[in-house]
Structures are given as C-alpha cells and as structure tokens.
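What follows is a set of notes on a single structure, which appears directly below.
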Ligand SMILES: Cc1cc2nc3c(=O)[nH]c(=O)nc-3n(C[C@H](O)[C@H](O)[C@H](O)COP(=O)(O)OP(=O)(O)OC[C@H]3O[C@@H](n4cnc5c(N)ncnc54)[C@H](O)[C@@H]3O)c2cc1C
C-alpha cells in the first residue's frame with residue numbers, strides 16, 4: 004500500500020475536501036493502494052449512499068463487489084419520501100451541508116447547480132406569525148437564539164438540550180422554535196439530543212458552513228452517473244437476515260433463504276435495523292458493539308409533502324416555524340410545503356387516532372387558518388429511524404461501531420461517522436470511504 008499517498012487522501016478527507024472528482028472522472032483504476040493483495044469478493048449490505056460510494060471505490064480498486072438491497076430501489080434515505088412518484092422528485096429537496104465534502108465535489112463534478120437560497124422565515128409565537136424583524140424585537144426570542152448559539156461552547160452537564168433550556172428558565176413561548184433548531188434539524192427533538200453532543204459536533208465539523216438546497220432528483224441523477232458500476236451490481240428486494248463469519252468464507256443469507264459467500268462484508272444498513280436485531284451475526288456481536296448500538300440513538304419521524312392550489316403565505320417565504328406538533332414547514336412560491344415531525348413530536352402523532360396527513364393539515368391550519376382547504380395533493384412517509392444523533396451518554400460509541408471485526412466484518416453508514424458528520428449524506432459517504440480504507444489497508448500491508 005502506498006500509505007503516504009493514502010494518508011494524503013485521508014488528510015483531505017479530514018479537512019473535508021476529499022478528491023471526489025478525481026475518483027469519479029475516469030473508469031481507470033486509481034492506485035490508492037499500490038501493492039493490492041486483496042482479490043476476494045466483498046458483499047455490501049445496503050444500497051444507500053454509503054454502500055454505493057464504498058462499492059464504487061472498491062470496484063475502482065479492482066475488487067469484486069456485489070450489493071444486496073432490501074427494497075426495490077437504491078438510495079435509501081437519500082429520499083425523504085421514498086414512495087413519491089418520480090415527477091415529484093424535483094419538488095423534494097435536500098440540504099447539502101457544507102462546501103468541503105465528497106458530496107459537494109460529486110455534485111459539482113456532475114454539473115449540479117448548487118444554490119444557497121435566501122432564507123425568508125416566519126416565526127409563530129404569541130399567537131401569530133412574526134417576521135424576523137418582529138421576532139427580533141422580542142426578548143424571549145433573542146434569548147432563545149442566544150441559548151442555541153451558546154451550545155457551540157457548551158461544556159456543562161451531559162443533559163438534553165431541552166433540559167438545559169428549561170434549567171435556564173427560558174420562556175415557553177419560543178420552545179417550539181428551539182426544538183426545531185436543536186432537535187428537529189437532527190431528526191429528533193430537543194428533549195432527546197445532548198447539549199454536549201451539539202457542542203462536539205460543532206467543534207469537529209469540517210464540511211464548511213454553507214447550506215445548499217438541491218432537489219432529490221438532481222442528487223439521484225448525479226449519483227446514478229457517479230456510482231453506475233456499483234448500481235449495476237445490486238440485487239434488489241433481498242433483505243439480509245444472517246451473516247455468519249465463523250469460517251474463512253463468510254456466509255450470508257437472506258430472509259427468504261438465498262445464500263452467498265464472500266471474503267469480506269460491509270454492513271451499511273440504518274442504525275435502527277442493527278438495533279432491532281433483524282440481522283443475526285454468527286458469532287454474535289461483542290458486548291462493546293452491543294453497548295455501542297444501545298448508546299447511539301435514532302428516532303422515528305413523519306415527513307409530509309403537500310401542494311396547495313395557491314400559496315397562503317407571503318411570496319418569497321421559505322420556512323414557517325409553527326407551534327404544536329408540527330413545528331417547521333418549508334414552503335415555496337408554487338404552493339409546495341415540506342414538513343417533518345421527529346422524536347417526541349412523532350411519538351405524539353403516533354398516539355393520535357386518524358390519518359397522519361390530516362394531522363399535518365390541522366397543524367398547518369393552526370398557524371395559517373384556512374390553508375388546509377387549499378391542499379390539493381399530499382403524501383406522508385413514516386421513518387422507523389430517521390438519522391442518528393448524539394443523545395446524552397453516547398461517549399465514543401460511534402468509534403466502536405466503526406471498528407472492523409476479524410478483518411471480515413465492516414460497518415459503514417451515517418451512524419458510524421466519528422467526525423461529527425453523522426446524520427448527513429456526505430457523512431454517510433465518508434464512512435464508505437473509511438470502510439474501504441480499513442479493508443484494503445490491512446489486506447495490502
Ligand atoms: C427525512 C430525512 C431527511 C434528511 N435530510 C437530509 C438533508 O437534507 N441533508 C443531509 O445531508 N442528510 C439528510 N438526511 C440524512 C441522510 O439522508 C442520511 O444520513 C443518509 O442518506 C444515510 O445513508 P446511509 O447509506 O448511511 O443509509 P441508508 O440510506 O439508509 O442506506 C441503507 C440501505 O440499507 C438497506 N437495508 C436495510 N436493511 C437491509 C437488509 N436487512 N438487507 C439489505 N439491505 C438493507 C436500506 O433499504 C437502505 O437502502 C435525512 C434523512 C431523513 C430520514
């Protein structure tokens with residue numbers, strides 16, 4: 004292995020500037036490892052962005068790869084609403100977080116236009132919608148923003164963001180906005196996420212502070228092109244149920260009894276799948292892995308996409324902070340609304356009898372009376388696991404989960420990111436890269 008060369012790449016990665024365009028610009032093998040001795044077969048479980056990126060890198064190194072995916076499509080959580088019709092994929096948007104990442108480089112390389120849209124937000128509190136100018140006249144609102152900014156340097160007790168907020172005797176009028184900004188944006192709620200975790204993430208984050216909004220359709224088109232060879236290897240509609248790595252060859256079995264053997268396996272399934280034990284490992288994972296799995300948290304969520312015949316908000320508005328159970332509505336001038344509820348708010352939705360879409364409509368009506376009557380189209384998706392986040396007590400569990408076992412079993416996927424980029428698309432990609440490094444480094448040394 005050309006260790007110096009790899010470390011150079013790793014340093015770029017650590018700095019957030021992985022050389023993705025070079026990796027995707029040609030079909031030629033890239034000699035990251037000059038003395039490659041590994042000529043076996045790798046099975047990648049899961050065709051999300053981590054698995055696809057890892058598989059593409061392995062193929063580029065001349066490794067024989069097969070991806071096995073439980074659903075009938077690749078991409079995993081790349082979509083908020085996986086079952087949405089293709090013509091709606093250009094409506095659904097994702098945030099590309101940061102300008103120094105493999106994902107950013109990939110999108111630029113594939114000519115995706117990355118825009119930083121101007122934010123025009125409205126904040127619902129004190130019984131009405133407030134413009135930013137009005138909101139910042141309010142002392143409670145400003146204090147709430149100060150508490151959030153303070154998490155960047157927080158070094159107090161390892162308690163939830165909400166417990167810290169409440170300990171400061173902050174006003175309840177703006178708790179829902181605090182909840183969105185500290186919890187919901189991480190796929191959870193502020194009573195579940197750790198204040199220490201937020202501070203740590205801020206300090207180790209290397210992807211940059213720009214936020215670009217890109218349609219899911221554009222991200223998928225770029226990935227289809229960049230990961231074409233990996234996508235070609237996918238076996239769809241096949242859920243892996245057991246991985247036996249007792250022998251020198253690994254035996255992998257699906258829930259319907261299909262079987263494969265390989266030399267190394269890379270598991271990239273979402274954290275909730277690992278936590279609920281739907282993949283049986285033989286030998287079973289060790290105590291430290293099991294403890295790590297129990298300490299990394301992931302919450303369930305509801306996501307909704309709704310179309311109104313005419314926008315019921317001032318043109319140019321991009322986000323409306325609500326109150327109640329659904330606390331954030333991303334809107335546009337075409338009358339589209341995207342809304343999410345996670346963690347405690349998702350639990351509340353689950354406990355309410357009736358159609359979930361109706362709950363989202365009612366929540367909208369509470370802040371924009373009469374708006375629900377204008378909805379002409381709507382979709383809802385429930386996620387058993389949205390994305391992992393740092394709850395109090397997580398310690399270094401992500402590093403434990405990222406360790407390989409016996410040079411046979413490897414883990415990637417957003418939850419295994421140890422540098423603060425967990426819960427993101429680019430972070431998931433980086434774990435794919437790290438897993439490939441772990442596999443080939445040992446084989447080549
Ligand atoms: C609603 C929502 C909104 C988000 N918004 C953003 C955003 O705007 N910006 C951002 O950067 N990140 C966002 N994220 C996070 C980002 O989508 C994820 O971090 C990333 O997609 C995770 O990729 P992954 O490859 O680790 O996992 P996944 O994409 O989940 O891939 C894992 C794959 O494994 C498959 N699988 C599961 N079980 C099995 C099995 N037993 N056998 C075989 N295959 C299996 C799954 O079907 C899936 O395809 C969001 C996440 C959600 C849920």
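In this note's numbering, the protein residues as written are 4 to 448.
Glycine included, each C-beta is placed from N, C-alpha and C at the ideal position.
For residue 80, count neighbouring C-beta atoms within 10 Å of its own C-beta (all shown protein chains included) and say buried if the count is 16 or more, exposed if not. Around the Cβ of residue 80, a 10 Å sphere holds 16 or more other Cβ atoms; the residue is buried.
I'd like to know whether the C-beta atoms of residue 295 and residue 403 end up nearer to each other than 8 Å. Taking the C-beta atoms as reference points, residue 403 is found nearer than 8 Å to residue 295.
In whole angstroms, what is the alpha-carbon distance linking residue 419 and residue 347? Cα-Cα distance, rounded: 24 Å.
Once you ignore the five residues that flank residue 407 on each side, which residues in its own chain have a CB closer than 7 Å to its CB? A distance below 7 Å between beta-carbons, with the five flanking residues on each side excluded, links residue 407 to the following residues of its chain, in chain order: 413, 441.
Just the Cα atoms here: how many angstroms apart are residue 25 and residue 233? Only weak support is given to the placement of residue 25: the predicted model assigns it a pLDDT of 44, under 50, and the value that follows is read from those uncertain coordinates. Answer to the nearest angstrom: the Cα atoms are 17 Å apart.
Going along the chain, which residues of its own chain have a beta-carbon closer than 6 Å to the beta-carbon of residue 138, five neighbours each way excluded? 126, 144.
Mark residue 326 as exposed unless 16 or more other C-beta atoms lie within 10 angstroms of its C-beta, in which case mark it buried. Classification of residue 326: buried, given that the 10 Å Cβ count is 16 or more.
Backbone secondary structure at residue 247 - three-state DSSP: In this structure, DSSP gives residue 247 an extended state, which the three-state scheme calls strand.
Looking only at its chain, what residues have a beta carbon closer than 7 Å to the beta carbon of residue 298, apart from the 5 residues adjacent to it on each side? Closer than 7 Å at the Cβ level, and outside the excluded window around residue 298, lie 396, 397, 398, 400.
Under the three-state reduction of DSSP, which class applies to residue 208: helix, strand or coil? Under the three-state reduction of DSSP, residue 208 is assigned to coil, being neither helix nor strand.
When DSSP labels each residue in this structure, what does residue 68 get in the three-state scheme? Here residue 68 sits in strand by DSSP.
Proximal residues to residue 167 (C-beta, below 6 Å), its chain only, five neighbours per side dropped: Taken in chain order, the residues that qualify are 198.
Restricting to runs no shorter than 4 residues, where is the alpha helix (DSSP H) found entirely within the segment 325 to 360? As far as the segment 325 to 360 is concerned, its whole alpha helix (DSSP H) runs of at least 4 residues are 347 to 354.
Going by other Cβ atoms of all chains shown within 10 Å of its Cβ, with 16 needed for buried, is residue 64 buried or exposed? When all chains shown are included, residue 64 counts as buried.
Return yes when at least one heavy atom of ligand 1 lies under 7 Å from the C-beta of residue 306, else no. In this structure, the C-beta of residue 306 approaches ligand 1 to less than 7 Å from one of its heavy atoms.
Please name the residue or residues paired with residue 45 in a DSSP beta bridge. Residue 45 pairs with 68, 267.
Measuring CB atoms only, is the segment 106 to 124 touching the segment 200 to 218, in the sense that at least three cross pairs come out at less than 8 Å? At 8 Å Cβ cutoff, the stretches touch.
Which same chain residues, not among the five before or five after residue 285, have their C-beta less than 8 Å away from its C-beta? Exclusion of the five residues before and after residue 285 leaves 245, 246, 247, 248, 249 as the residues of its chain whose Cβ lies within less than 8 Å of its Cβ.
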